Amino acid sequence: MKNIKSYILLLATAISVSSCLDKYPEDAVLEDEAITTVEQADQAVIGIYSAFLSPALYSGYLTLLPDLQCDLAYAVNGYTNTYGDIWRWDILATNAQIEAVYGALYDVIGRCNFLLDNAAELQKKLTDDNALDRLDQYCGEAYFARALAYSELIKLFCKSYEGREEAENELGVVLTEHYYTVPEIKRSSLEESYALVISDIDRAAELLALGDDYNPALDGTIYNSTYFNEYTAYALRARVALYMKDYDAAIKYASKVIDSGFYLLSSANTEYSGGLSYYQYMWASDNSTEIIWKVGFTSTNYGGALGTIFFNYDYSSFKPDYVPAQWVLDLYDAYDMRYSAFFQEYTTGYSHGLTWPLLVKYWGNTDLYSAAQLLNVSMPKVFRLSELYLIRAEAHCCKAVPDYSAASKDISKLRMARYYNYGGSTPMNVSNAMQIIEEERIKELYMEGFRLADLKRWHKGFERTPQSQSLAGGSSLKVDADNPLFVWPIPRHELEAPGADIEPNESNK
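The working numbering puts the first residue of the sequence shown at 333, with every later residue one more than the last.
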């Protein structure tokens, strides 16, 4: 086998690499194998879902690093220096976590391409309608997974989208749609990159359509799913449209999900059982009517532990690496039940005895803890209904002719599910709308990986102010809007890979 130092070449040619992947993963597909049956296609799809278990993705770096890099949390004196370079903005093209995110996303893309290339040949041989329908379902899942992976690469490694004309001249990502064909290893434009994402989402929505006769009472509910479906595709389409500042499309696709009636916001003011509200139960057991898609874990097959750095619990004391920013805690008013769902005050085990509200949102799934003593392991909830309300509200505010009344209704709907008592509307106008949107996104999506992308597309910087026992190096950091490091550097080994012609980001220089 050839020895090629590139994730891109790995997924394009199925050849072993030596830069960061020394051998095939145990469940990786090999160049001389092919999918010849629908059952093998099913196994390939299982491999795609399994790839999302990677701690480099939603159960780890992809979720944590974008928020830690910004202004939402502070490193504590005595911390382990985990992700310290990210927090300090000392971010290099050799950063191991960024390399891992890049590689894991292209691993997903490679698996999708392998299935789709083989499915095209398999489809020609099938005559059974049921088998053809199953294959269409599997292809729909692959198209969606590929779109999701590319959308995350664009979000992290590309500049914000500022219109088609500008995007045609901005760097996108390396695109490859096939497994067996070696592409030209160079970056497409930002416009071309988003075009592929949208095309894949549209194909996924078509192939994963539930049908007009779908009835949850008869066919089963689709909320809380660990599998992709038509509405997962609409949720991603709405998110992508917001990032592309296509506000009409963001409203259209968010509305498809919201108005479907298949999902329901979890109430933070209604008890589920054992003193837990429905909203708290979602975080404690990873079950909710508002979850559109989550990465499925079991006690024997799971990803990373999102909550470790917020506790570092040794069964004796807590020594968190990071604690919430005081200004974030101050955003929640006395009636906002998200505060008690997300934060609980503890005295830490450090010699300085810091007492602070710690992030209990990721304390961990109680069922997984009971079954296998897994601490701080939570199933990532990649798409939730609340995000769709926030997307639609922001889009209403940012249209050429804003509709603040419609935005107000969406924010009020969300707050009614989260507040102990929220009987009124939310007055929104040109002077306060975006502040309300920004604060609501922080309060609802705290530490779910959105902050870096939000600041980038809003063209906003931030400034940290030291708080009790916060690490000196980084606590007074000031980052101007459009700082080059809002766009992560392309991993150096990709830039230096033989046969590659990948242009670096400004942050690489």
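Glycine is no exception: its CB is placed at the ideal position from the N, C-alpha and C atoms. If you're wondering where the values come from, they're calculated on a predicted model, not measured in any experiment.
Delimiting residues of the beta strand (DSSP E) encompassing residue i
i: A407; result: 405-407
i: V505; result: 503-506
i: T679; result: 675-679
i: L540; result: That residue, L540, is in no beta strand (DSSP E); it is neither H nor E in DSSP.
i: V655; result: 654-656
i: A790; result: Correcting the residue identity first, residue 790 is Trp in this sequence and not Ala. Element bounds for W790: not the beta strand (DSSP E) but the alpha helix (DSSP H), 783-790.
i: S605; result: 603-605
Close beta carbons around residue i, own chain, < 8 Å, minus the five adjacent residues each side
i: I380; result: V440, R443, C444, L447, E473, A474, A477
i: N644; result: T412, F650, K651, P652, D653
i: A657; result: D403, L404, A405, Y406, R796, Q799
i: V762; result: P734, Y736
i: T369; result: L454
i: V589; result: Y563, Y566, A567, A570, Y595, I624, L717, L720
Residues near residue i in its chain [Cβ-Cβ closer than 6 Å; skip 5 each side]
i: Y511; result: N445, F446, D449
i: G793; result: V811, D812, A813
i: A436; result: S386, A388, L389
i: S757; result: S740, S744
i: A287; result: Only positions 333 to 841 of the chain appear in this structure, which leaves residue 287 out of reach.
Selected residue, minimal CA-CA separation from residue i, among the options
i: W847; options: F715, S808, L574, A704; result: Look at the range of the chain in this structure, 333 to 841, and you will see that residue 847 is not part of it.
i: Y434; options: A785, E826, D833; result: E826
i: N840; options: R571, A832, G831, W820; result: W820
i: T564; options: Y595, D551, D545, R747; result: Y595
i: G681; options: D646, Q705, K713; result: D646
i: A549; options: L485, G593, A537; result: G593
i: F782; options: E498, D578, V714, L608; result: V714
i: Y585; options: L661, E771, R724; result: R724
Continuous alpha helix (DSSP H) stretch holding residue i: start and end
i: T698; result: 698-704
i: R716; result: Per DSSP, R716 belongs to no alpha helix (DSSP H); it is in the beta strand (DSSP E), 713-716.
i: R478; result: 461-489
i: W615; result: 610-617
Chain C contact for residue i (CB, 8 Å cutoff)
i: F675; result: The structure shown contains no chain C, having only a single protein chain.
Three-way DSSP call (helix, strand, coil) for residue i in this model
i: D422; result: coil
i: D833; result: coil
i: L926; result: The structure shown has nothing for residue 926, since the chain only spans 333 to 841.
i: N296; result: Summary: the structure shown does not reach residue 296, with the chain confined to residues 333 through 841, and so no result is reported for it.
i: L690; result: strand
i: S847; result: No answer is possible for residue 847: it lies beyond the span of the chain, which begins at 333 and ends at 841.
i: V377; result: helix
i: N547; result: coil
i: P823; result: coil
Proximal residues to residue i (C-beta, below 7 Å), its chain only, five neighbours per side dropped
i: Q801; result: V408, N409, H684, L686
i: M576; result: Y493, Y526
i: V655; result: A405, Y406, V408, W688, L690
i: D468; result: L539
i: M748; result: Y754
Alpha-carbon spacing of residue i relative to residue j, whole angstroms
i: V506; j: K518; result: 6 Å
i: Y415; j: L400; result: 8 Å
i: A703; j: C729; result: 46 Å
i: Y393; j: I430; result: 8 Å
i: D374; j: F384; result: 16 Å
i: W790; j: L663; result: 19 Å
i: G495; j: I834; result: 23 Å
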